[in-house]
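Trainee:
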Amino acid sequence: FARLQGKNVLVTGASSGIGEACACQFAASGANVIITARRLDRLETLRAKIQSTWPGVQVHAAEMDVRNNEDVERVIANIPGELAEIDILVNNAGLAMGVDPVSDISNDAIDTVIDTNIKGLLYVSRAVVRIMKRRGSGHIIMMGSIAGMTGYVNGSIYCATKSAVHSISESLRAETISIPIKVTEIKPGMVETEFSVVRYHGDKDKADNVYRGIEPMTASDVAESVVFAASRHPRCVVSEVVLLATGQASATLAHRE
Ligand code: NDP
Ligand code: 8X3
Numbered sequence: 002f003a004r005l006q007g008k009n010v011l012v013t014g015a016s017s018g019i020g021e022a023c024a025c026q027f028a029a030s031g032a033n034v035i036i037t038a039r040r041l042d043r044l045e046t047l048r049a050k051i052q053s054t055w056p057g058v059q060v061h062a063a064e065m066d067v068r069n070n071e072d073v074e075r076v077i078a079n080i081p082g083e084l085a086e087i088d089i090l091v092n093n094a095g096l097a098m099g100v101d102p103v104s105d106i107s108n109d110a111i112d113t114v115i116d117t118n119i120k121g122l123l124y125v126s127r128a129v130v131r132i133m134k135r136r137g138s139g140h141i142i143m144m145g146s147i148a149g150m151t152g153y154v155n156g157s158i159y160c161a162t163k164s165a166v167h168s169i170s171e172s173l174r175a176e177t178i179s180i181p182i183k184v185t186e187i188k189p190g191m192v193e194t195e196f197s198v199v200r201y202h203g204d205k206d207k208a209d210n211v212y213r214g215i216e217p218m219t220a221s222d223v224a225e226s227v228v229f230a231a232s233r234h235p236r237c238v239v240s241e242v243v244l245l246a247t248g249q250a251s252a253t254l255a256h257r258e
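According to the UniProt record's numbering, the stretch in the sequence shown is residues 2 to 258, in order.
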C-alpha cells in the first residue's frame, strides 16, 4: 500500500498475535513502526526481524504497560526523532482473564481486564490524540471484538470492556471530525493467538478447545483488515469492520465439525 510509505505507526500489544502481525504488515508496506508491550525481549526479537526483512523502515521498540499512565506518557514522549510524529495508532493491547459467572469473578480479573482494555486504551488514546490534534491529522484503529456486540455467558468483564471500546470509538470519532482524525473499530471473532492461553491462565488444552472443529482466523487475517483500513484515501474512513471465522455466526454460534 503506497499510502503507508513513510507513515509512523504506533502499535500497542505488539509482542504477540494481532499486534505483532500488524507491525509486520505495516513494515512490509513501508511504514515505520513503534512497537510496544510489556515483554521487551519479544519486542527486541520482532525489531530484529523487521529490520532484517524490511531494512528501509525504522523500528523503535519500547516496554510499555498500558495500565500505567506514567509509563504511557513517558514512552510516547521519548519516541525518537521523526517517529514521534505518529500518523496511525493501533490500540490493540488487551486480554481476557478467565471464563466465570459474575458471582465467581476475581478482583484480579476485574481490575486487570478493565485497567488494560479500557483505562489503558484511554491513556494511550489521550496521549496520541494530543499529538494528532497538534499535527491536524491522524488515524486511530481500535481493536474491539464481536464480544462487544453481545454479552455471552461467563464473559461479563471482557464483553463489557469491548463494548466500552465501541463507545470510546464512537465518541472519539464524533469529537475529532473537524481535525480530522479517522477512527476505525475492528471487531474480530475467533482468532488463534495467545489470547485463549492467557484467558485460561496457560491451560493449553482449554485454549485449544476454543477452536475445536473450526478453523479460526489467524492474526494475519486481522492485520490485513487493519492495514486495509489504514491505507484508504484521505477522503474515506473505514469506520467499522466485523471479521468472523468461516463457520462462525456470532460470539455464541459456531458450526463445529
Ligand atoms: P495475544 O495474547 O496474542 O496478544 C495480546 C497482546 O496484548 C500482547 O502483545 C500483550 O503483550 C499485550 N498486552 C496485554 N496486556 C498488556 C498491558 N498491560 N500493556 C501492554 N500490552 C499488553 O492476543 P491477541 O493478539 O488475540 O489480542 C490482541 C487484541 O485483539 C486484544 O485487544 C484482544 O481483546 C483482541 N481480540 C482478540 C480476539 C481473538 O480471538 N484472539 C478476537 C477479538 C479481539 P505483553 O504480554 O508483552 O504485554
Ligand atoms: C475474542 C472473541 O468471542 O472469544 O474477542 O470473545 S470471543
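Each residue gets a CB set at the ideal place from its N, CA and C atoms; glycine is no exception.
Drop a sphere of 10 angstroms on the beta-carbon of V103, count the other beta-carbons inside from all chains shown, and report buried for 16 or more, exposed for fewer.
Mentor: The residue is exposed, with fewer than 16 neighbouring Cβ atoms inside 10 Å.
Trainee: Quick one: residues in its chain with C-beta nearer than 7 Å to the C-beta of I36, no 5 flanking neighbours on either side, listed in chain order?
Mentor: So the list reads V12, A15, A24, L44, L47, R48, V60, A62, once near-sequence residues are dropped.
Trainee: Could you check if N210 belongs to the surroundings of the ligand NDP, using beta carbon to heavy atom distance under 7 Å?
Mentor: Checking every heavy atom of the ligand NDP against the Cβ of N210, none is found closer than 7 Å.
Trainee: From the DSSP secondary-structure annotation, give me the bridge partner or partners of P81.
Mentor: According to DSSP, which records beta bridges pairwise, P81 is partnered with nothing at all.
Trainee: Check whether the region 177–195 touches the region 133–146, counting contact only when three or more Cβ pairs, one atom from each stretch, lie closer than 8 Å.
Mentor: In short, these stretches touch, since the Cβ pair count reaches three.
Trainee: Nearest CA to the CA of R4: which residue from T247, A175, R236?
Mentor: When only C-alpha atoms are compared, the closest one is R236.
Trainee: Return helix, strand or coil for T185, following the three-state DSSP convention.
Mentor: The answer is strand: DSSP assigns T185 an E or B state.
Trainee: Going straight from the alpha carbon of I215 to that of G248, what length do you get?
Mentor: Using only the alpha carbons, I get a separation of about 7 Å.
Trainee: Measuring alpha carbon to alpha carbon, tell me which residue in D116, S197, V34 is nearest A208.
Mentor: The residue with the shortest Cα to Cα distance from A208 is S197.
Trainee: Within the same chain, show all residues whose beta-carbon is closer than 7 Å to that of A29, passing over the 5 residues directly before and after it, in chain order.
Mentor: Taken in chain order, the residues that qualify are W55.
Trainee: Any heavy atom of the ligand NDP closer than 7 Å to the beta-carbon of F196?
Mentor: Indeed, a heavy atom of the ligand NDP lies less than 7 Å from the Cβ.
Trainee: Would you call P217 buried or exposed, if buried means 16 or more other Cβ atoms sit within 10 Å of its Cβ?
Mentor: Classification for P217: buried.
Trainee: So, are the CB atoms of R40 and D66 less than 8 Å apart?
Mentor: Cβ atoms of R40 and D66: not closer than 8 Å.
Trainee: Can you check DSSP and say which residues form a bridge with I87?
Mentor: According to DSSP, which records beta bridges pairwise, I87 is partnered with nothing at all.
Trainee: Assuming S164 is part of the alpha helix (DSSP H), what are its boundary residues?
Mentor: Note, S164: alpha helix (DSSP H), 157–176.
Trainee: Run through the DSSP bridge pairs and tell me what L53 is partnered with.
Mentor: Note on identity: in this sequence residue 53 is Ser, with Leu being the wrong assignment. In the DSSP output, where bridge partners are listed per residue, S53 has none listed.
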